[in-house]
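Have a look at the structure below, then the notes.
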Ligand SMILES: NC(=O)c1ccc[n+]([C@@H]2O[C@H](COP(=O)([O-])OP(=O)(O)OC[C@H]3O[C@@H](n4cnc5c(N)ncnc54)[C@H](OP(=O)(O)O)[C@@H]3O)[C@@H](O)[C@H]2O)c1
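Laid out in structure tokens, this is it:
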């Protein structure tokens with residue numbers, strides 16, 4: 002049976018995969034992608050959105066929630082009405098967005114390989130039954146949003162201390178008082194399933210937060226290279242948008258404890274690795290380590306590889322941090338106060354926090370190339386009134402874009418208000434030096450080497466990935 006978008010030319014079809022779409026920022030990204038796609042793309046273009054969740058029932062609920070949002074946008078948006086003219090029919094907008102669903106558990110490697118195979122070789126279904134099972138010809142943007150925090154609660158003494166030392170805005174942006182749970186390690190027997198019995202040597206253990214936040218996505222992107230790579234330069238480049246956090250510094254990652262099992266906070270450590278691999282993937286000192294990852298035999302016929310982009314949503318109130326309902330409301334109010342006091346990093350609402358990711362997914366390639374957007378960590382910034390925009394975030398050891406800037410450069414900054422690069426800067430941030438920049442690139446190389454070591458060991462153990470394709 003023909004797909005509902007079969008009539009549209011290939012360049013008018015836009016395929017997006019979004020992980021962790023059933024909750025918080027992920028749901029906000031799905032909603033925002035729908036709205037911005039309809040508002041910015043041609044009236045004959047079609048969006049095919051594939052949210053991933055951890056169960057069929059969550060996929061069904063997510064598809065229904067996104068379709069409800071779509072109906073609301075189509076019937077209430079003045080922008081859509083004025084674009085289409087006086088005889089605007091909301092159904093014409095609704096008929097341009099198609100929402101499917103697949104299941105993916107990033108802490109279950111077999112589920113990752115299964116989801117990738119389904120996308121490449123199989124059919125993807127609509128859990129509500131509205132769209133018949135379809136084949137996916139390519140992916141234009143893959144948005145890695147899913148993640149876990151791995152925290153147990155708050156260190157109240159630490160909170161009080163930080164509040165008095167650096168004030169409410171800084172404490173609400175860079176909290177040093179989150180208590181991390183002891184690092185959980187994934188059950189090796191469950192990961193290996195029926196392969197366990199045949200193995201002479203065990204693959205390296207995997208920590209839960211590290212796998213959910215980085216390694217699972219790392220494997221998934223590699224497996225999806227056939228859908229993300231291109232044969233010809235005139236085809237739009239595939240994009241992989243990784244989600245980090247504003248607060249991931251040099252001190253959060255230790256190479257002697259790469260998965261943060263013994264000391265460092267696992268969440269921040271996993272996000273520091275995310276920053277390092279995204280921003281260094283194609284630097285001269287790293288290319289040798291990252292090249293085997295992009296040279297998958299499954300995509301050997303497609304030499305143009307996807308590009309990594311890096312984002313974070315700012316601070317958003319979601320279930321990521323475990324709080325009772327009473328504490329959640331206190332937290333929510335504190336985050337709004339931080340925004341009203343002038344913090345640029347408090348969108349607070351998931352739909353607003355989704356701004357930077359949706360922009361990276363949909364912006365035209367020329368704009369991204371002109372901005373060298375792949376060299377920047379793009380956060381969502383918010384004004385006091387909740388006007389959101391993508392803003393460059395400072396990365397420890399990389400600055401705002403990998404360039405060593407002087408205080409004089411800052412004087413000529415074009416952006417003002419919350420978008421000025423110094424607005425919302427961490428109280429103890431240090432200016433970038435050539436030495437730190439070199440160390441960052443070197444750390445990036447070490448991350449790629451370790452991730453590649455883990456990937457090849459697990460491919461061998463499971464008989465999956467490049468091992469299965471050779
Ligand atoms: N909220 C913030 O202020 C903030 C700030 C910086 C960065 N972020 C990042 O934004 C992203 C979304 O976080 P959020 O705040 O929206 O949290 P959230 O509401 O808890 O959403 C997390 C999503 O990830 C999914 N997920 C968790 N473990 C998974 C696994 N093993 N496999 C597949 N999916 C899994 C969850 O699915 P289930 O519902 O099945 O658990 C859920 O859909 C995360 O990467 C987070 O680090 C958030």
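In this note's numbering, the protein residues as written are 2 to 471.
Every residue, glycine too, gets a C-beta built ideally from N, C-alpha and C.
A quick note: this is a predicted structure, and the numbers were derived from the prediction, not measured.
Supposed contact pair residue j and residue i - C-beta distance, whole angstroms, cut 8 Å
i, j, result
"residue 169", "residue 342", "7 Å"
"residue 17", "residue 71", "Not confirmed; about 14 Å, so no contact."
"residue 150", "residue 321", "5 Å"
"residue 155", "residue 178", "6 Å"
"residue 129", "residue 61", "6 Å"
"residue 112", "residue 105", "6 Å"
"residue 431", "residue 237", "No, residue 431 and residue 237 are not in contact; Cβ-Cβ is about 38 Å, not under 8 Å."
"residue 357", "residue 307", "Wrong, their Cβ atoms sit about 18 Å apart, outside the cutoff."
"residue 99", "residue 47", "7 Å"
"residue 300", "residue 230", "4 Å"
"residue 217", "residue 446", "22 Å between Cβ atoms; not a contact."
"residue 434", "residue 389", "About 32 Å separates the two Cβ atoms, so there is no contact after all."
"residue 393", "residue 419", "No, residue 393 and residue 419 are not in contact; Cβ-Cβ is about 12 Å, not under 8 Å."
"residue 220", "residue 110", "6 Å"
"residue 295", "residue 451", "17 Å between Cβ atoms; not a contact."
Residue i beta carbon near ligand 2 (any heavy atom closer than 7 Å)
i, result
"residue 24", "For ligand 2, the structure offers nothing, since it holds only ligand 1."
Simplified DSSP assignment, three categories, for residue i
i, result
"residue 89", "coil"
"residue 59", "helix"
"residue 231", "strand"
"residue 424", "coil"
"residue 1", "As shown, the chain starts at 2 and ends at 471. That puts residue 1 outside it, with no answer to give."
"residue 263", "coil"
"residue 347", "coil"
"residue 468", "helix"
"residue 226", "helix"
"residue 405", "coil"
"residue 97", "coil"
"residue 246", "coil"
"residue 46", "coil"
"residue 287", "coil"
"residue 5", "coil"
"residue 301", "coil"
"residue 71", "helix"
"residue 410", "helix"
"residue 458", "helix"
"residue 292", "helix"
"residue 281", "helix"
"residue 275", "helix"
"residue 254", "coil"
"residue 434", "coil"
"residue 76", "helix"
Pair within 8 Å by beta-carbon distance, residue i and residue j
i, j, result
"residue 261", "residue 211", "yes"
"residue 88", "residue 239", "no"
"residue 317", "residue 26", "yes"
"residue 204", "residue 459", "yes"
"residue 281", "residue 245", "no"
"residue 462", "residue 118", "no"
"residue 284", "residue 442", "yes"
"residue 401", "residue 309", "no"
"residue 380", "residue 466", "no"
"residue 91", "residue 75", "yes"
"residue 126", "residue 158", "no"
"residue 208", "residue 147", "no"
"residue 348", "residue 354", "yes"
"residue 336", "residue 448", "no"
"residue 1", "residue 226", "Residue 1 is absent from the structure shown; the chain starts at 2 and stops at 471."
"residue 263", "residue 456", "no"
"residue 43", "residue 13", "yes"
"residue 22", "residue 54", "yes"
"residue 398", "residue 438", "yes"
"residue 270", "residue 251", "no"
"residue 362", "residue 34", "yes"
"residue 191", "residue 153", "no"
"residue 232", "residue 124", "no"
According to DSSP, residues forming a beta bridge with residue i
i, result
"residue 155", "179"
"residue 308", "240"
"residue 51", "18"
"residue 317", "349"
Proximity test, Cβ basis, 8 Å: residue i and chain B
i, result
"residue 246", "Within the model displayed, chain B is absent; a lone protein chain is all it includes."
**Study point:** Complete runs of the beta strand (DSSP E) confined to the region 99 to 153 [at least 3 residues]
**Key:** 142 to 145
Practice item. Could you tell me which uninterrupted alpha helix (DSSP H) segments, each at least 4 residues in length, are contained entirely in the region 349 to 399, listed from first to last along the chain? Key: 351 to 354, 356 to 363 and 366 to 371
**Study point:** Complete alpha helix (DSSP H) runs within the region 181 to 216 (minimum length 4 residues, chain order)
**Key:** 189 to 193
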